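*Asks:* Which chain is which? The protein sequence lines are S and Y, in order. Residue numbering for the first sequence follows the working numbering, beginning at 1 and increasing consecutively. Residue numbering for the second sequence follows the working numbering, beginning at 1 and increasing consecutively. Don't be surprised by glycine CBs; every beta carbon is placed ideally from N, CA and C. Since this is a predicted model, take the numbers as computed values, not measurements. For reference, the structure I am asking about is given below.
2 protein chains.
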Amino acid sequence: MSLSFTLKKTCKDTMARRGRIETPHGAIETPVFMPVGTQATVKAMTPEQVKAAGAEIVLANTYHLYLRPGHELVAEAGGLHRFMNWGKPILTDSGGFQVFSLGALRKITEEGVKFQSHLDGSRHMLSPEKAMEIEQTLGADIIMAFDECTAYPAEYNTVAAAMERTHRWAQRCKKAKARDDQALFGIVQGGTFADLRQESAKAIAAMDFPGNAIGGLSVGEPKPLMNDMLDVTTPLLPENKPRYLMGVGSFDCIVDGVARGVDMFDCVLQTRVARNGTALTRRGRVVIRNATYSRDFSPIEEGCTCYTCQNYTRAYVRHLIKTSEILGATLLSIHNVHATIQFVNDIRTAIEEDRFAAFKDDFFANYHN
Amino acid sequence: MSLSFTLKKTCKDTMARRGRIETPHGAIETPVFMPVGTQATVKAMTPEQVKAAGAEIVLANTYHLYLRPGHELVAEAGGLHRFMNWGKPILTDSGGFQVFSLGALRKITEEGVKFQSHLDGSRHMLSPEKAMEIEQTLGADIIMAFDECTAYPAEYNTVAAAMERTHRWAQRCKKAKARDDQALFGIVQGGTFADLRQESAKAIAAMDFPGNAIGGLSVGEPKPLMNDMLDVTTPLLPENKPRYLMGVGSFDCIVDGVARGVDMFDCVLQTRVARNGTALTRRGRVVIRNATYSRDFSPIEEGCTCYTCQNYTRAYVRHLIKTSEILGATLLSIHNVHATIQFVNDIRTAIEEDRFAAFKDDFFANYHN
């Protein structure tokens, strides 16, 4: 068995739960936030900085690594863990969402997705079998099924067809998967239609993957709608397997997801807004780039134990951002990743101590989006 | 006394020497390579990474910090050391070279240099007194006199006039300097004219600064000419004070400078070429960006003990550079700074063991520029 999940505690007021995932590269306590390392690097951070920020697992991306440097080169390097110097667990997504995002550059058929590289226009094909081949060659601990995501808004029939194809593709992925040391997760689709989400959750659950993901959310729909979809989806996903809400990772969405039984989150938000000069805090975003912080000699977030907050002021970080110094992106990325992981750690403790509902209320009382 | 220099050993074959500088923020073994942190950050590196690369002192720049974030803001932050989280020695240059480099945007008079900011065109004035005020407000351990650099090539009379003004400005800097915990270094000018270099060395030496710098070299002149100038300059600078060759830091120039009695070097080369995908090694430059390294799973430099060479391959670093990932700049900067400092450390050992001349010959036998 390449992956095991232990459910350590459930809550009475909400669906929040505390668990532990075991993988060949180590354990992951859940709920967990997974920093994204799209191109085999969490942007602007060394692996040591990612570890020091508390990360137990990182993501990497099949679409990007297939194009550059190529999955076979990564295998020659000894696999993704060794290539990127990250000895802990890794999850790769299948590239489904990325080729879907290419718009006019891709064409979807039952076989798979023909697409042109966003880099050089070269023509390629991703299919369930090809995605499995690439993900197996990369060698992550958790690999994702190749799915068809739909945009928001989309017509019911379009979403239903994509969902049904996603289910057929999930079966093909399951069949194509060969490595015993990797765990394949299925992905629920269904857009913003409750009945489709339910149908998809049942279909994916029935395929008995070691973990189940919820895809196609946080793609532009209003936030209450995302919560509505989670409300009808997670109860239909098996309790004894981890649930992963893909591409979601703002503080508020994490709390809302945990309350609805989600165990795993990932997001590029932390490092993306960092490069733009914005810090994430429990009270909301702080645009450090703003002139108001030019003479603010306090840390990014009072009480934060991250490397950045322990050693630098808002004024210094603002100076770095204003002068386009790389260290600015690094220091804010460190803070944003650390702050998110620390936040999730505190959620774990709240669940363990049977006070998650109160934690959630306190959080929203102070948080400004 | 804010600075003391101990000459620990001299050579018989060359002018190479081994020494130690004491400053209020710690000791510096010489010869020394000083990484450049123009805007109060060594580009793409944290202070811990700079320390781990072996740095004992870093540079910062008066012109840049005066414009952004402003020297008074740095003082409010508790001074430059605290602002940038660097507890070891710092040297600031005076801004003379930077305003000189502004070309049409600056006008030099006896009073000083009127210039327009390269950022917003705003008008400013730097003078010996103003440079001292800024450098004292920043609070580095070693501060540089405000000098007038000349371009290469330049007419004899132009160079002579700039040199004479540099001497008058050096006297004004000395008079304006007030802080006891900072050491002011004078700067020799004289372009590529041996008699002017000698005249300048004598004039600056006579002013009895605690250290003496050689400016206006490595500004485009052929390398043999730089060595010729050093040959006539360093013998006229006091033996019991450190000698600093400004803006020079390639491996070959360091060896040539040490052989001519230089103790201190600084250069932006290490971090600049890193961001462009080039590694510095003892055999010459390695353009990691090149396709030839795409499947090269060896370290940047065989035998190097830096963090990058211990943990990553050329193939991975090339992937990062090709995909414009910030970590690529960081990993190559770490290597380039570490490799240069390790090289200078080996020079120190060679001097101590009376084999610097052989070290120099071996180096040039293997080095390709």
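With Pro35/S and Val50/S assumed to form a contact (beta carbons below 8 Å), what rounded beta-carbon distance in angstroms separates them?
*Replies:* So it is a contact: roughly 6 Å between Cβ atoms.
*Asks:* What does a CB cutoff of less than 8 Å around Gln198/Y pick up in its chain, not counting 5 residues either side in sequence?
*Replies:* Cβ within range, chain order: Gly190, Val232, Thr233, Leu236.
*Asks:* Would you say Gly139/S reaches chain Y, if we count a Cβ-Cβ gap shorter than 9 Å as a contact?
*Replies:* With 9 Å as the cut-off, Gly139/S does not count as an interface residue toward chain Y.
*Asks:* For the segment 313-328 of chain S, list every residue whose C-beta sits within 7 Å of some C-beta in chain Y, in sequence order.
*Replies:* Hits within the stretch, in order: Thr313, Ala315, Tyr316, His319, Leu320, Lys322, Thr323, Glu325, Ile326, Leu327.
*Asks:* Using DSSP bridges, identify the partner residues of Asp208/S.
*Replies:* Paired residues: none, contrary to the question.
*Asks:* Kindly indicate which three-state DSSP category Ala40/Y falls into: helix, strand or coil?
*Replies:* Coil at Ala40/Y, not helix or strand.
*Asks:* So, under 8 Å CB-CB, Tyr156/Y and Phe193/Y are touching, yes? Tell me the CB distance rounded to an integer number of Å.
*Replies:* Right, the Cβ-Cβ distance comes to about 6 Å (below 8 Å), so this counts as a contact.
*Asks:* Tell me which residues share the same chain as Leu80/Y and place their Cβ nearer than 7 Å to its Cβ, disregarding the 5 neighbours each side in the sequence.
*Replies:* Result list for Leu80/Y: Ala40, Ala60, Val74, Ile90, Leu138, Gly139, Ala140, in chain order.
*Asks:* Counting along the chain, where does the beta strand (DSSP E) carrying Lys12/Y start and finish?
*Replies:* It is not in any beta strand (DSSP E) - Lys12/Y carries neither H nor E in the DSSP assignment.
*Asks:* With three or more C-beta pairs closer than 8 Å as the rule, is the segment 290-303 of chain S touching the segment 5-15 of chain S?
*Replies:* The segment 5-15 of chain S is not in contact with the segment 290-303 of chain S.
*Asks:* In this structure, what does DSSP give as the bridge partners for Ser379/Y?
*Replies:* It is not possible to answer for residue 379/Y, since the shown part of chain Y is limited to 1 through 369.
*Asks:* Could you check the C-alpha separation between Val262/Y and Gln270/S for me, to the nearest Å?
*Replies:* When rounded, the distance between both Cα atoms is 47 Å.
*Asks:* On the criterion of 16 or more Cβ atoms from any shown chain inside 10 Å, does Asn276/Y qualify as buried, or is it exposed?
*Replies:* That one is exposed.
*Asks:* What are the start and end residues of the beta strand (DSSP E) that includes Gly257/Y?
*Replies:* Not the beta strand (DSSP E): Gly257/Y falls in the alpha helix (DSSP H), residues 251-259.
*Asks:* Quick check on the DSSP output: what are the complete alpha helix (DSSP H) runs of length 4 or more inside the segment 143-214 of chain Y, in order along the chain?
*Replies:* 156-176, 194-206, all fully within the segment 143-214 of chain Y.
*Asks:* Helix, strand or coil: which one does DSSP assign to Cys304/Y?
*Replies:* Note: Cys304/Y maps to coil in three-state DSSP.
*Asks:* If you count every other CB in all the chains shown that lies within 10 Å of the CB of Leu331/S, and 16 or more means buried, which is it?
*Replies:* Buried: at least 16 other Cβ atoms inside 10 Å.
*Asks:* At which residue ranges does the segment 310-340 of chain S contain complete beta strand (DSSP E) runs of 3 or more residues, listed in the order of the chain?
*Replies:* You should have found no qualifying run.
*Asks:* Output needed in chain order: residues of the segment 55-78 of chain S with a Cβ under 7 Å from some Cβ in chain Y.
*Replies:* Those residues of the segment 55-78 of chain S that come within reach of chain Y (Cβ to Cβ, closer than 7 Å) are Arg68, Pro69, Leu73, Glu76, Ala77.
*Asks:* Does the beta carbon of Asn311/S sit closer than 9 Å to a beta carbon anywhere in chain Y?
*Replies:* Chain Y contact via Cβ: present.
*Asks:* Counting only C-beta atoms, is Thr330/S closer than 9 Å to chain Y at any point?
*Replies:* True, the Cβ-Cβ gap to chain Y drops below 9 Å.
*Asks:* Quick one: does Ser294/Y have its CB under 9 Å from some CB of chain S?
*Replies:* Answer yes: the Cβ-Cβ gap between Ser294/Y and chain S drops below 9 Å somewhere.
*Asks:* So does Ala44/S have its beta carbon nearer than 8 Å to some heavy atom of the ligand PLP?
*Replies:* The ligand PLP is not among the ligands present in this structure, which contains no ligands whatsoever.
*Asks:* How far does the alpha helix (DSSP H) with Ala74/Y in it extend, from its first residue to its last?
*Replies:* Just to set this straight, residue 74/Y is Val in the shown sequence, not Ala. Segment 71-76, the alpha helix (DSSP H) holding Val74/Y.
*Asks:* Determine, for Ala151/Y, whether the minimum Cβ-Cβ distance to residues of chain S falls below 9 Å.
*Replies:* So no, Ala151/Y is outside the interface.
*Asks:* Can you tell me which of Cys173/Y, Ile134/Y, Ile334/Y, Phe359/Y puts its alpha carbon nearest to the alpha carbon of Cys304/Y?
*Replies:* Cα-wise, what sits closest to Cys304/Y is Ile334/Y.
*Asks:* Identify whether Ala55/S lies in helix, strand or coil by the three-state DSSP scheme.
*Replies:* Coil.
*Asks:* Taking 9 Å as the CB-CB cut-off, is Met34/Y touching chain S?
*Replies:* It does not; no Cβ of chain S falls within 9 Å.
*Asks:* Do Val255/Y and Leu196/Y have their beta-carbon atoms positioned less than 9 Å apart in this structure?
*Replies:* Contact: no.
*Asks:* Taking the straight line between their C-alpha atoms, what separation do you get for Ile341/Y and Cys253/Y?
*Replies:* C-alpha separation (whole angstroms): 14 Å.
*Asks:* Nearest to Ile134/S by CA position, among Val188/S, Lys241/S, Ile28/S, Lys177/S, is which residue?
*Replies:* Per the Cα distances, Lys177/S.
*Asks:* Using 9 Å as the limit for Cβ to Cβ distance, is Lys43/S near chain Y?
*Replies:* It does; some Cβ of chain Y falls within 9 Å.
*Asks:* Give the residues from the segment 80-96 of chain Y that approach chain S closer than 8 Å (Cβ to any Cβ), ordered along the chain.
*Replies:* If the cut-off is 8 Å between Cβ atoms, the segment 80-96 of chain Y has Phe83, Met84, Asn85 near chain S.
*Asks:* Assuming the contact rule is C-beta atoms closer than 8 Å, Phe185/Y and Ala145/Y should be a hit. Round their C-beta distance to whole Å, please.
*Replies:* Going by Cβ atoms, the distance from Phe185/Y to Ala145/Y rounds to 7 Å, so yes, they are a contact pair.
*Asks:* Taking all protein chains shown into account, decide if Gly112/S is buried (16 or more other Cβ within 10 angstroms of its Cβ) or exposed.
*Replies:* The residue in question, Gly112/S, is buried, as its Cβ has 16 or more Cβ neighbours within 10 Å.
*Asks:* Would you mind reading off the limits of the alpha helix (DSSP H) that contains Arg68/S?
*Replies:* Arg68/S -> no alpha helix (DSSP H), and no H or E assigned at all.
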